[in-house]
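Worksheet for the structure shown next.
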Amino acid sequence: MEEKVEEESCRNEDSKANARVVEIFASHHEAWRREEKRMVDQIHSAAKEIAYLRAKLVELERSKVKLKAMVEELTKEVGGEGGDAW
Numbered sequence: 885m886e887e888k889v890e891e892e893s894c895r896n897e898d899s900k901a902n903a904r905v906v907e908i909f910a911s912h913h914e915a916w917r918r919e920e921k922r923m924v925d926q927i928h929s930a931a932k933e934i935a936y937l938r939a940k941l942v943e944l945e946r947s948k949v950k951l952k953a954m955v956e957e958l959t960k961e962v963g964g965e966g967g968d969a970w
């Protein structure tokens with residue numbers, strides 16, 4: 885009889901310990917999910933910024949080509965040489 889009481893007491897302690905482990909794991913799991921969401925949001929934000937910067941680079945390269953052509957045209961009008969500094 886005493887063994888049975890002791891065995892049941894051990895089971896209760898094990899059950900409480902298991903419940904605590906589950907609680908701790910659930911808490912950590914939620915923290916991991918929040919961190920994952922934060923990182924995914926950060927990745928999406930960085931991807932948008934990269935796309936914007938690539939588009940801006942294309943725009944600036946087009947402007948450079950246009951400005952270079954204008955400099956060459958103006959240089960021809962004044963009869964000088966140049967335009968290769970770009």
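Note that the working numbering has the sequence shown beginning at 885, numbered continuously upward. Virtual Cβ for every residue (Gly too), placed ideally from N, Cα, C. Keep in mind it's a predicted model, so treat the numbers as computed, not measured.
Between the C-alpha atoms of residue i and residue j, what's the straight-line distance to the nearest angstrom?
| i | j | result |
| --- | --- | --- |
| Glu959 | Lys952 | Inspection of the sequence shows that residue 959 is occupied by Thr rather than by Glu. Their Cα atoms are separated by approximately 10 Å. |
| Ala935 | Glu914 | 32 Å |
| Asp925 | Ala939 | 21 Å |
| Lys900 | Lys932 | 48 Å |
| Glu886 | Cys894 | 12 Å |
| Asn896 | Ser911 | 22 Å |
| Met954 | Met923 | 46 Å |
| Leu937 | Lys950 | 20 Å |
| Phe909 | Lys921 | 18 Å |
| Val889 | Ser929 | 60 Å |
Starting from residue i, trace the alpha helix (DSSP H) both ways and give me its first and last residue.
| i | result |
| --- | --- |
| Met954 | 886-962 |
Which same chain residues end up closer than 8 Å to residue i when comparing Cβ atoms and leaving out the 5 residues on each side of it in sequence?
| i | result |
| --- | --- |
| Arg918 | none |
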